[in-house]
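Just so you know, the sequence shown maps onto residues 158 to 619 in my numbering.
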Amino acid sequence: MSMLRAAAGALVVLIALSGCQHIPREPLHLDEIRAALEARPLDPDPVRAYAEELQTLTRSQTGPFDTEDGLSLAEAEALGLWYNADARRARLEADSAAARTNNAGRWPDPELLLGRGRQEIDGPDGVDRAWISEIGLAITVPISGRPRAERRYLNSEHAAALRAAEAAEWEVQSRIRETWIAWSENVERLALLDAHLDTLRPLYDMARALLNTGERSPTALGLILVDYDRTRARRALLEGASEEARLEVVHTLGLSPDAPITFLPSLAPDLALPDAPEVSPSHTVIAYRRAAYEAAEERLRLELRKQYPDITFSPLRTSDRDETALVLGLGAPIPVWNANRPGIAEAAAERDRARLEVEEAWRDLLAGLRRRQARHQASAAALETLLNGPARILDTQLAQALALLDAGELDLPLLYDVIRQTLETREQILQTRAENARAAAGIHAAIQTAAPLADPNEENAP
Numbered sequence: 158m159s160m161l162r163a164a165a166g167a168l169v170v171l172i173a174l175s176g177c178q179h180i181p182r183e184p185l186h187l188d189e190i191r192a193a194l195e196a197r198p199l200d201p202d203p204v205r206a207y208a209e210e211l212q213t214l215t216r217s218q219t220g221p222f223d224t225e226d227g228l229s230l231a232e233a234e235a236l237g238l239w240y241n242a243d244a245r246r247a248r249l250e251a252d253s254a255a256a257r258t259n260n261a262g263r264w265p266d267p268e269l270l271l272g273r274g275r276q277e278i279d280g281p282d283g284v285d286r287a288w289i290s291e292i293g294l295a296i297t298v299p300i301s302g303r304p305r306a307e308r309r310y311l312n313s314e315h316a317a318a319l320r321a322a323e324a325a326e327w328e329v330q331s332r333i334r335e336t337w338i339a340w341s342e343n344v345e346r347l348a349l350l351d352a353h354l355d356t357l358r359p360l361y362d363m364a365r366a367l368l369n370t371g372e373r374s375p376t377a378l379g380l381i382l383v384d385y386d387r388t389r390a391r392r393a394l395l396e397g398a399s400e401e402a403r404l405e406v407v408h409t410l411g412l413s414p415d416a417p418i419t420f421l422p423s424l425a426p427d428l429a430l431p432d433a434p435e436v437s438p439s440h441t442v443i444a445y446r447r448a449a450y451e452a453a454e455e456r457l458r459l460e461l462r463k464q465y466p467d468i469t470f471s472p473l474r475t476s477d478r479d480e481t482a483l484v485l486g487l488g489a490p491i492p493v494w495n496a497n498r499p500g501i502a503e504a505a506a507e508r509d510r511a512r513l514e515v516e517e518a519w520r521d522l523l524a525g526l527r528r529r530q531a532r533h534q535a536s537a538a539a540l541e542t543l544l545n546g547p548a549r550i551l552d553t554q555l556a557q558a559l560a561l562l563d564a565g566e567l568d569l570p571l572l573y574d575v576i577r578q579t580l581e582t583r584e585q586i587l588q589t590r591a592e593n594a595r596a597a598a599g600i601h602a603a604i605q606t607a608a609p610l611a612d613p614n615e616e617n618a619p
């Protein structure tokens with residue numbers, strides 16, 4: 158029994174020396190989470206410092222970050238990269254990969270061996286029963302090189318997680334620009350409809366008066382009334398769509414729907430496009446896929462290491478009555494049946510998939526760049542045609558027609574036709590400008606190179 162007590166004591170000492178961690182529970186309280194989201198303050202100070210860091214990393218000059226006069230697109234991008242849940246999640250995943258890397262390559266824990274049994278020995282006085290006790294320690298020596306291979310794999314996984322965070326930020330930035338342009342287009346379209354209604358209102362009043370007196374053709378005058386009311390109904394729907402688009406911008410930024418913030422609409426993102434844009438090997442998405450391939454390669458190296466056996470030393474002390482013996486055991490698995498074949502096959506297939514994703518990323522970026530270039534060139538040509546032709550002619554005709562109307566020398570249906578065509582042309586110009594802005598943003602996203610990751614300060618991170 159003395160040996161068992163010693164073994165129990167040794168077990169307690171080993172557990173005490175093992176440095177086991179104790180982390181308290183943290184239950185979720187959904188009511189507190191909702192209250193925190195609704196009451197989340199929009200603190201501009203940490204975001205301002207983050208925006209300045211982004212300007213330094215991207216070498217851009219977008220001016221100081223200031224929420225008092227409304228948020229521009231460049232300021233909204235900094236705010237979104239700070240608060241957006243996808244960007245924050247990717248950075249947290251990179252932190253998790255860093256934690257795994259910091260604890261990689263450790264030797265296997267030693268194993269305490271305890272045994273107690275009874276033996277029966279036939280003697281001259283009958284059967285003699287005696288207890289046998291054993292205590293030992295099994296220590297695995299990783300001669301296969303697994304710890305070093307594991308460190309290399311987890312280091313590459315951490316590098317891939319950092320590149321994935323950059324790719325997530327790139328995706329968030331692209332979504333912010335897309336939603337911003339859609340909202341800005343709705344805002345400008347609302348302004349066009351308001352201007353159209355203001356211009357049409359005098360004609361509407363005159364048409365109603367003339368219809369009551371029966372002096373003009375009721376068909377032509379009725380079209381003015383119908384157009385005015387249809388435009389009002391259309392404006393009401395567009396106002397709802399504009400608010401929905403604004404809320405989509407707010408959501409993409411990672412803010413509460415009731416966040417007290419004003420946006421400054423813009424259909425002209427400040428993006429410098431080269432004359433001959435091409436996809437770079439250092440593009441954010443390509444850099445991430447390349448890092449993921451390197452991680453898959455290192456995982457395959459690790460799985461290959463696992464097929465080689467490690468040696469286990471087992472010093473064992475045996476006690477039989479008053480006799481003790483010290484035995485040194487040596488063990489190693491023989492890679493005959495398993496030999497980690499499932500792990501190797503899976504890692505090899507994962508590497509092939511990672512290679513395909515690199516190729517697909519290249520193909521998608523190239524195809525997207527070519528499509529957006531075609532759209533950008535076509536929209537630019539169409540915009541030039543509209544501005545230099547129909548827009549100038551209609552603006553001149555509208556000014557002349559309104560002047561003649563004031564003098565009482567112009568037919569109302571003819572003026573209405575000029576006003577209607579002016580609205581259609583201005584809406585076509587607005588749509589073309591939005592298409593051109595979307596194409597420019599897409600080209601910039603397709604040629605964007607990987608920038609150093611701008612990590613929010615942990616003390617101020619949301």
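Note that the Cβ used here is the ideal one computed from N, Cα and C, for glycine as well.
The beta-carbon separation of P466 and L294, rounded to 20 Å, does not stay under the 8 Å limit for a contact. In the DSSP assignment, the residues bridged to T481 are S476. Scanning L513, A591, E581, E514 for the CA closest to the CA of R532 turns up A591. Within its own chain, the residues whose Cβ lies closer than 6 Å to the Cβ of P265, once the five positions on either side in sequence are excluded, are T297, listed in chain order.
Nearest C-alpha to S476 among N241, L249, S290: S290.
V298 sits in a strand when the DSSP states are folded into three classes. Annotated as distal: A244 and R320, with beta-carbon spacing of 8 Å or more.
Cα atoms of A255 and T388: separation of roughly 58 Å, rounded to the nearest angstrom. Inclusion of A448 and E507 in the CB contact set at 8 Å is not warranted, their separation being larger than that value. From the listed residues E234, R529, Y573, the smallest Cα separation to A598 is found for R529. Cβ neighbours of S313 within its own chain (closer than 6 Å, five residues either side excluded): E451, A452, E455. A residue is called buried once 16 or more other Cβ atoms fall within 10 Å of its Cβ, and S341 is buried on that count. Only residues of its own chain outside the window of five on either side were considered, and among them T297, V298, I300, L487, G488, A489 have a CB closer than 8 Å to the CB of I468, listed in chain order. By the C-beta density criterion, I292 is buried, having at least 16 other C-beta atoms within 10 angstroms. Of all C-beta pairs linking the stretch 390–408 to the stretch 339–355, three or more are shorter than 8 Å, placing the two stretches in contact. A straight-line Cα-Cα distance of about 11 Å links N343 and S423. Close CB contacts of L228 within its chain, under the 8 Å cut and outside five residues either way in sequence, are with L236, I418, T419, F420, L421 (chain order). In the three-state reduction of the DSSP assignment, L382 falls in the helix class, which pools H, G and I. Under the three-state reduction of DSSP, T419 is assigned to coil, being neither helix nor strand.
The alpha carbon of G525 has as its nearest neighbour, out of T336, A511, I600, the alpha carbon of I600. Around the Cβ of E460, a 10 Å sphere holds 16 or more other Cβ atoms; the residue is buried. For A242, the number of other beta carbons within 10 angstroms of its own is below 16, and it is reported as exposed. About 15 Å separates the beta carbon of A233 from that of A425, a gap too long to meet the 8 Å contact definition. Secondary structure at S399: helix, using DSSP grouped into helix, strand and coil.
Taking the Cβ atoms as the reference, L551 lies roughly 6 Å from Q578, within the contact range of under 8 Å. For Y240, the uninterrupted alpha helix (DSSP H) segment begins and ends at 230–240. The residue from G379, Q330, D384 with its alpha-carbon nearest to that of T356 is D384.
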